[in-house]
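**Q** Each residue of the sequence shown is one higher than the last, beginning at 550 in this note's numbering. A virtual CB, placed ideally from N, CA and C, is assigned to each residue, including glycine. Everything numeric in this text was worked out from a predicted model, so none of it was measured.
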Amino acid sequence: MKRAGNLMVEIADRENLALAFWKAQKGKRAQPETIRFRENLEPELARLRSALLEGPLGLGPYRSFTVHDPKERVICAAPFQDRVLHHAVMNVCHGSFEAYQVYDSYACRVGKGTHKAVERARAFAGRHRYYLKLDIRRYFDSIDHKILKRQMRCRFKDRRLIEILDAIIGSYETAPGKGLPIGNLTSQYFANHYLGALDHFVKETLRCRAYVRYMDDFVLWDDDRGQLKAWRNEIGAWIAETLRLEIKPDCLNRCGAGMTFLGYRVFPASVTLARRSRVRFRRKMTAAHEEYLSGEWSEAEAARHVEPLIAFVRHGCCEGMRRRVLARL
Numbered sequence: 550m551k552r553a554g555n556l557m558v559e560i561a562d563r564e565n566l567a568l569a570f571w572k573a574q575k576g577k578r579a580q581p582e583t584i585r586f587r588e589n590l591e592p593e594l595a596r597l598r599s600a601l602l603e604g605p606l607g608l609g610p611y612r613s614f615t616v617h618d619p620k621e622r623v624i625c626a627a628p629f630q631d632r633v634l635h636h637a638v639m640n641v642c643h644g645s646f647e648a649y650q651v652y653d654s655y656a657c658r659v660g661k662g663t664h665k666a667v668e669r670a671r672a673f674a675g676r677h678r679y680y681l682k683l684d685i686r687r688y689f690d691s692i693d694h695k696i697l698k699r700q701m702r703c704r705f706k707d708r709r710l711i712e713i714l715d716a717i718i719g720s721y722e723t724a725p726g727k728g729l730p731i732g733n734l735t736s737q738y739f740a741n742h743y744l745g746a747l748d749h750f751v752k753e754t755l756r757c758r759a760y761v762r763y764m765d766d767f768v769l770w771d772d773d774r775g776q777l778k779a780w781r782n783e784i785g786a787w788i789a790e791t792l793r794l795e796i797k798p799d800c801l802n803r804c805g806a807g808m809t810f811l812g813y814r815v816f817p818a819s820v821t822l823a824r825r826s827r828v829r830f831r832r833k834m835t836a837a838h839e840e841y842l843s844g845e846w847s848e849a850e851a852a853r854h855v856e857p858l859i860a861f862v863r864h865g866c867c868e869g870m871r872r873r874v875l876a877r878l
């Protein structure tokens, strides 16, 4: 596939940098570093343009914190000016990453997302007898920098852009030459692209027609259990050798028994909420209600937290549960 070139002028364009700023400040307008950047917008954009074209980038340290929803993860927040840089690069490079994706890759893509992935999984479950569900052990922590940088050189040919991507990749490590920070926009693109090679292996080499991947969660369907077991062995060997990753213990079962996927239970004819998602909905709704009653959150703030929760559960067949929780509150 032809590599993309001559992108740096577009990345460093003032309008693109302004767009990157407006994207980066979304949901963070009241933070002190966002306010400082906005109050000195033109000098900051000029400094960023110079750093992009000539360097040095001067990437700042990450601020780390731990979240426990739905599982424990360490989130790494880059300084605000770095987040603007990330948006500026990905505004322009998005198309090159997108061109490599197969149809049934659903993370970090316009018009795709969780609900589309779940609906596609339900459709495949209705056509096949068995599924094989796989995911990667400690995925973000295990991504190999050398392999990822080599992948970037297969997509882009601007020397300066490659230097910038290398610097972003090398700005964080969980072990020497390993890991991406959870929380970066660039990490989402890098991580999704890293497994794009797996998508092409599954579709073009294994010839699996029923396949869905959302980041490091992926599922294959077939009418033959033996075929799925064979594919599992081939994928495990290929991914260890090619991408230096390790697969967790797999789940191979009948489609009619249901599959837990992206917070839902997927059946051939329906989609319901997974048990953990039900518990999470009740807990988060109760917490939001208490924050509102205590005066910690305004009505608008409470609505901002509640609306995505309701949108998530509406996709599962659980209207009765949702109404009971709302009635109790």
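Mind checking whether F673 and L729 have CB atoms under 8 Å apart?
**A** no
**Q** I think R678 touches R803, with their Cβ atoms under 8 Å apart; what is that distance to the nearest whole Å?
**A** 6 Å
**Q** List the whole-angstrom C-beta distance separating G554 from K706, where the pair is believed to meet the contact cut-off of C-beta under 8 Å.
**A** 4 Å
**Q** Between which two residues does the alpha helix (DSSP H) holding L568 run?
**A** Residue range R563 to A573 is occupied by the alpha helix (DSSP H) that includes L568.
**Q** Report the partner residues of V768 according to the DSSP bridge assignment.
**A** K682 and V761
**Q** Distance, Cα to Cα, F646 vs L842?
**A** 45 Å
**Q** Following the continuous beta strand (DSSP E) through L556, name the residue where it begins and the one where it ends.
**A** Segment: none, L556 is in no beta strand (DSSP E) and carries neither H nor E.
**Q** Hey, could you find the ends of the beta strand (DSSP E) A626 is sitting in?
**A** Unbroken beta strand (DSSP E) run through A626: R622 to A626.
**Q** Between the C-alpha atoms of D771 and Y680, what's the straight-line distance to the nearest angstrom?
**A** 6 Å
**Q** Let me know if K682 comes out buried or exposed under the rule of 16 or more other beta-carbons within 10 Å of its beta-carbon.
**A** buried
**Q** Excluding the 5 residues flanking R814 on each side, which residues of the same chain have their C-beta closer than 6 Å to its C-beta?
**A** G807, T821 and A823
**Q** Please confirm whether V651 and D748 have their CB atoms less than 8 Å apart.
**A** For V651 and D748, yes; Cβs fall inside 8 Å.
**Q** How is D715 classed by DSSP in three states: helix, strand or coil?
**A** helix
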